[in-house]
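Numbering (this note's numbering), first residue to last: 11 to 657. A virtual CB, placed ideally from N, CA and C, is assigned to each residue, including glycine.
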RNA sequence: GCGCCUGUAGCUCAGUUGGAUAGAGCGGCAGCCUUCUAAGCUGCGGGUCAGGGGUUCGAAUCCCUUCAGGCGCGCCA
């Protein structure tokens, strides 16, 4: 809505600059004045023009304002400050088309391209913790925004089912618990939580005797080899844990299109092909002298030997980074080799989750990979490795593909001392935070956090609405709990370390998911009351289309409503910004700001829809509330936050 | 040693490509429920934007530098 308007206004500004000063203006950017009474959009172009024209910004602004005053959609243009041109929009026309756009969203335009987003990618050896939740919430929200902005997105969850972490748990079963596959299969309950504890014990087992590490090496080797009892146990562990992870993320509405398995990358020899390509194109070189003799290395930066990254060891085995390069090339459609695929599950709404496989796939799989852009949601600690992968793609001559390889890096989640203590860990007095450590079993499990939120939400719901149907109360509590969690994970910029405090995360007031949800619930409630009083919302909206919106949007209430509508209309601009900066926190903040503006308006008795002084006023307010509700539903959907019926 | 990130109100954080009087939540204080849901609203108090220098009509934002904290840089994954 606002973006189309800005595009039209930008050409008007260019035209005005051309007529007034005979100068081409390539970049026209709009800003927002600090207060609505100053204007709706601001131009800073006069400041830029001042230099080229050698004239005072203020003079330029006045001439530009005169030229723009008659442009369509602009009511008037004013000069302010040292040389701003403030534009006042035609409020009535704007509000009308805003509601129209929200009531009848256009069918999605042409695709802006196919992109791959990889997120979650948790080692399948233990329960998901809060750090994983941050990854999944960021990734899932980013996917929702991309899709809403007409990108065609494939969501991939990478499963490292043949890595050391799975091997560690297998070591635990075989050497600590002396359990074979049938016995492990008989373990019931939350298998991921069981493995969480076992994994911590394996850490102790290794620490107790250096020789115990040999078990890890031989187990990993057996798993990579395949077709033996150890490998089958590893596969069982990984498969069961993946199902648990999918269930945990499913509680938050997070889904995937493809589970990409490391074991298939291995069996289908993706690396061998990537290795050939890297050699053919001279992207890597074989060292014949120096400390890396016998290795294949990727030159990094412009430095010497120290900056080279070893891709293939002198014993001929490939490093983790090498496998990553192969996988990235496949995502970009630059590895002439593909997985086989089969359906993993189909959800009630028809959404299909596929998995890679290395033998006889199933027909009907969508085209995975072949992306124009790839976003890897991985913690910031992997920046170096992700940089190597990107450099390798570039070294192969795939400049555009390297440019389209994005590392959506985010900082870690640590525990507040209070929360760490509550979990039973000793914390010394001078620590301001405690690191999550899977090895020590330290951390907050995702399911436990969700359960705690759910319990708190139930208590709140029961206290407010004791007479309500239990199933409905449970539905509300679930919506509130997930809303609280997702908002909490999204409200911080991705490059910021989150110090997780249980009490803070359990808050339902202030800048939280429930606050935003509540705004929609209250607004929607008005419609129910209207209908109960014999009004029909459809009629009121039809009536609103006939009244003079421009007049309704002037004056005290008008100004307040106008600033709400203008703020709302910026949603698509914020979405584009979130994509550009790869930071969805912007969207969370925006949703909160919109909700806040509505709460404030709604609160005033003189703005009541039900008790409006006139039919026109009632119709006008109905239009406003309807616009708000529709916009908010879009926003909350982007954030993956459900809207409860009541709360 | 090299590279990256961070430093803004008591606490947790926003602050768009440099732009108008630096904002929000929490906490504190004072108010608002016979009026569409108080998971709400209103008001008050709270700032050397880590320090210094520079560029600019204009700097929390860009450059240099100092200090403080965190992370990464392996023939691990």
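Here DSSP, grouped into helix, strand and coil, assigns residue 40 to strand. Using a Cβ-Cβ distance cut-off of 8 Å, the segment 461-476 and the segment 528-547 are not in contact, since fewer than three pairs of beta carbons, one from each stretch, lie closer than that value. Counting only residues of its own chain and dropping the five nearest sequence neighbours on each side, residue 307 has a CB closer than 7 Å to the CB of 294, 295, 297, 318, 319, 320 and 321. Just so you know, the alpha carbons of residue 51 and residue 635 end up roughly 24 Å apart. Using a Cβ-Cβ distance cut-off of 8 Å, the segment 410-428 and the segment 381-391 are in contact, since at least three pairs of beta carbons, one from each stretch, lie closer than that value. Counting along the chain, residue 95 sits inside the beta strand (DSSP E) bounded by residues 94-99. In this structure, the alpha-carbon of residue 227 lies about 39 Å from that of residue 462.
Apart from sequence neighbours up to five positions away, the residues of its chain that approach residue 263 with a beta-carbon distance below 6 Å are 650, ordered along the chain. Annotation for residue 363: the continuous beta strand (DSSP E) segment containing it runs 362-367.
Ranked by Cα distance from residue 598, the options 155, 399 and 209 are led by 155.
Here the alpha carbon of residue 69 sits roughly 8 Å from the alpha carbon of residue 93. Bridge pairing for residue 166: 128 and 268 [DSSP]. Here the alpha carbons of residue 218 and residue 450 stand approximately 14 Å from one another.
Beta-bridge partners of residue 389 (DSSP): 420. Annotation: the segment 581-622 contains the following complete segments of the alpha helix (DSSP H) (minimum length 4 residues), in chain order: 581-591 and 595-613. Annotation for residue 457: 258 place their beta carbon closer than 6 Å to its own, counting only its chain and skipping 5 residues before and after.
According to the DSSP assignment, residue 354 belongs to the beta strand (DSSP E) that extends over 350-356.
In this structure, residue 23 places its C-beta atom within 8 Å of the C-beta atom of residue 53. DSSP places residue 341 in the helix class (H, G or I) of the three-state scheme. Beta-bridge pairing by DSSP links residue 510 to 425.
In this structure, the straight-line span from the alpha carbon of residue 516 to that of residue 412 is close to 41 Å. As computed with DSSP, residue 88 is found in a beta bridge with 96. Using a Cβ distance threshold of 8 Å, residue 593 and residue 496 do not count as a contacting pair. In this structure, the CA atom of residue 365 is about 5 Å from the CA atom of residue 268.
Around the beta carbon of residue 614, a 10 Å sphere encloses fewer than 16 other beta carbons of the protein chains shown; the residue is thus reported as exposed. Restricting attention to 198, 301, 174 and 375, the CA atom closest to the CA of residue 224 is found in 174. Following the DSSP letters along the chain, one finds residue 251 inside the alpha helix (DSSP H) bounded by residues 239-260. Approximately 16 Å separates the beta-carbon atoms of residue 241 and residue 251; this is outside 8 Å, ruling out the contact. Using a C-beta cut-off of 8 Å, the segment 558-570 makes contact with the segment 92-107, since at least three inter-stretch Cβ pairs fall below that distance. Leaving aside the five residues that flank residue 375 on each side, the residues in its chain whose CB is nearer than 7 Å to its CB run, in chain order, 351 and 364.
The beta carbon of residue 305 sits closer than 7 Å to those of 297, 320, 322, 323 and 324, all from its chain and outside the five residues before and after it, given in chain order. Residue pairing for residue 52: DSSP places it in a beta bridge opposite 41 and 96. Closest option to residue 243, judged by alpha-carbon separation, among 261, 199, 210 and 178: 178.
8 Å or more divides the Cβ of residue 341 from the Cβ of residue 281. Residue burial annotation: residue 56 is buried, with at least 16 other C-beta atoms found within 10 angstroms of its C-beta. The DSSP-derived three-state label of residue 233 is helix.
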